[in-house]
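First residue of the first sequence: -3, per our numbering; consecutive thereafter. Built from N, CA and C at the ideal position, the CB exists for glycine as well. Keep in mind the model is a prediction, meaning the values are calculated, not measured. Beneath this line is the structure, given in structure tokens, with notes to follow.
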Amino acid sequence: MRQSFLFTKTRREAPKDELSKNAQLLIRAGYVHKEMAGVYAYLPLGLAVLENIKRIVREEMNAIDSQEIVMTTLQRKDLWERTHRWDDDIVDVWFKSELKAGGEVGFGWSHEEPIGEMMKNFIVSYKDLPVSVYQFQTKLRNELRAKSGIMRGREFVMKDMYSFAGDEASHLAYYESTKPAYMNVFKRLGIGDDTYITFAAGGAFTKFSHEFQTVCEAGEDVIYLNREKGIAINEEVLTDETLTNLGVTRDSLEKVSTAEVGNIFNFGQQKAADLGLAVKTSAGEDIAVWMGSYGIGITRLMGVLVEKFSDEKGIVWPETVAPFKVHLVSLAGNDEGVRAYADAFYEDMKKAGIEVLYDDRDLRAGEKFADSDLLGLPYRVIIGKDAAAGGEIEVVHRATGTVEKKTREAVLSM
RNA sequence: CGGGGUGUGGUGUAGUGGUAGCACGCGUCCUUUGGGAGGAUGUAGCCCGAGUUCGAAUCUCGGCACCCCGACCA
């Protein structure tokens, strides 16, 4: 894309109503627009990042045989009443509204109930199982306090997945298979080494749930970590009993701030029993199915990546999610020769299949470099007089600042 | 929801009762062109509503919005 075509602009200063690093940088660089507290619009560059994250998640979920769907934002009151979760005293994040024709609807903050209900149409026999479905959905939660930029909003994108199994063994096997799938996602996003599968409160159905916690100062959670054993415990379940069960001692644990980027819940048969989701066994009996629920915070991940991968100059995107791999910066000024060379090189890069943002704007070098640093694309390819005259081309790595000189052909084969 | 704080051009800010100023941005012109350049000129603002006062960005009351701490967080 030509940068002169991109409608967003960078800002020199961060807005005063944002203190979090992720929101400051994303707004300054034009990735997002703040609509109101905890509610952000995603602009072309931000959307590209989101889509890249989603693509990775999608590939990993497909790899464990889950099928993508999209549920609805408007939800039925009666479904949630059945599980006693319509009451504002029980679920305090509901956004609700009324139909003009009469009756109430809720705005989806989770989709467990509607999915369970919908799946009754398709899951009737043990032969229909196992099944896993997932979606990328905008969740609406009426949080008392939004905070940390895009990391805890009232409107955010989440990947939620639901598994249905006909027996405990296959249910647990699936549950376990999500752990490496999730870790693959986080590895591909560049946070694998800093993300720990963490024992957390499991609710009514199981002793523990598992959270995927990424070490991050801006995170809201605190976990206790034994790096050698790879054991992580959310402080909410840090008891002597837990320590004994897990075979670690209190003084072997390190306290760290983390952001919860994913979680997985084992519902056992309880959820399906509540929802009335049952199948016929081979013996002809009705049994409640085993269910699991698996979330990944897509927009939160984007915030975590900015928090972790940025410096005083701006964002430093991991290659896997950057909106473009290469920032082609032309320093043509009013030199038509340099401009023509850069234009042609841009076309060649596109033909070579390189995702490239071409800064063809008529600005001074300093401004272009500052913008380039802020935007945080992995590689900056600079076209100045020397390059246009046939010299080698300068390639700067955003993450390290290292400068390489490459031939035109070498750049095109990147 | 409890506590604390803040609302001034598009952005960041100065201005404690008396002509709203600065920087950046944006427009026009000239020079400049490898790390946010210089000059000339222009553009644009006191969150909303009441009240006090001769006079309110400034004081009072109410509202709205935003930030931070806590609480909350399938």
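**Asked** Just checking my contact of LEU21 with GLY310 at CB under 8 Å: how many whole Å lie between their CB atoms?
**Response** 6 Å
**Message:** Could you tell me the alpha carbon to alpha carbon distance between ALA59 and ASN180, rounded to whole angstroms?
**Reply:** Rounded to whole angstroms, ALA59 to ASN180 spans 11 Å at the Cα level.
**From ASP307, TYR290 and VAL257, residue whose alpha carbon lies closest to that of LEU298** = Here residue 298 is Met; the residue named in the question, Leu, does not match the sequence. Residue VAL257 holds the alpha-carbon nearest to the alpha-carbon of MET298 among ASP307, TYR290 and VAL257.
**Request:** Determine contact between the segment 289 to 307 and the segment 196 to 215, defined as no fewer than three beta-carbon pairs at a distance below 8 Å.
**Result:** yes
**Asked** Out of curiosity, what's the CA-to-CA distance linking LEU371 and VAL285?
**Response** 48 Å
**Item:** Whole-number beta carbon distance between GLN(-1) and LEU353, since they are thought to touch under 8 Å
**Value:** 6 Å
**Asked** Okay, do the segment 338 to 357 and the segment 318 to 328 touch, 3+ Cβ pairs below 8 Å being the bar?
**Response** yes
**Prompt:** Starting from TRP76 and walking both ways along the alpha helix (DSSP H), at which residues does that stretch end?
**Reply:** 73 to 78
**Request:** With GLN266 as the anchor, note down where its alpha helix (DSSP H) starts and where it stops.
**Result:** For GLN266, the enclosing alpha helix (DSSP H) starts and ends at 266 to 271.
**Asked** Which class does THR245 belong to by DSSP, given the choice of helix, strand or coil?
**Response** THR245 falls in the coil class under three-state DSSP.
**Asked** VAL302 by DSSP, collapsed to three states: which one?
**Response** Under the three-state reduction of DSSP output, VAL302 falls in the helix class.
**Request:** Assign PHE118 to buried or exposed, taking buried as 16 or more other Cβ atoms, counted over all protein chains shown, within 10 Å of its Cβ.
**Result:** Exposed, by the Cβ-count rule.
**Prompt:** Does the distance from the CB of LYS151 to the CB of LEU136 come in under 7 Å?
**Reply:** The question names Lys, but residue 151 in the sequence shown is Glu. Cβ atoms of GLU151 and LEU136: closer than 7 Å.
**Exposure of PRO11, with buried meaning 16 or more beta-carbon neighbours within 10 Å** = Classification for PRO11: exposed.
**Asked** Helix, strand or coil: how does DSSP classify LEU359 here?
**Response** It is coil, neither helix nor strand.
**Anticipated Cβ contact below 8 Å, TYR337 with ALA384, distance rounded** = 4 Å
**Item:** Ordered list of beta strand (DSSP E) runs contained in the segment 319 to 394, each at least 3 residues
**Value:** 322 to 326, 352 to 355, 375 to 379 and 389 to 393
**Message:** Report the CB separation of MET345 from LEU242 in whole angstroms; it is logged as a contact under 8 Å.
**Reply:** About 51 Å; that fails the 8 Å criterion.
**Prompt:** For the segment 245 to 260 against the segment 214 to 224, are there 3 or more C-beta pairs whose distance is under 8 Å?
**Reply:** Pairwise C-beta distances place the segment 245 to 260 in contact with the segment 214 to 224, as three or more of them are shorter than 8 Å.
**Message:** Once the 5 residues before and after TRP313 are set aside, which same chain residues still bring their CB inside 6 Å of it?
**Reply:** GLY372
**Prompt:** Quick one, are the C-beta atoms of MET147 and ARG296 less than 7 Å apart?
**Reply:** In contact: MET147 and ARG296 (Cβ atoms closer than 7 Å).
**Request:** Look at the alpha carbon of ILE52 and the alpha carbon of ARG184, and state the distance between them as a whole number of angstroms.
**Result:** 7 Å
**Message:** Going by DSSP in three states, ALA44 sits in which element: helix, strand or coil?
**Reply:** helix
**Sheet register partners of PHE152 (DSSP bridge)** = Under the DSSP definition of a beta bridge, PHE152 partners with LYS135.
**Message:** I need the straight-line Cα distance from GLN131 to VAL66, nearest angstrom please.
**Reply:** Whole-angstrom Cα-Cα distance: 5 Å.
**TYR192: first and last residue of the uninterrupted beta strand (DSSP E) it sits in** = 191 to 197
**HIS167: first and last residue of the uninterrupted beta strand (DSSP E) it sits in** = Not the beta strand (DSSP E): HIS167 falls in the alpha helix (DSSP H), residues 164 to 184.
**C-beta contact flag for TRP76 and GLU109 at 7 Å** = yes
**Residues bridged to GLU64 (per DSSP)** = TYR130
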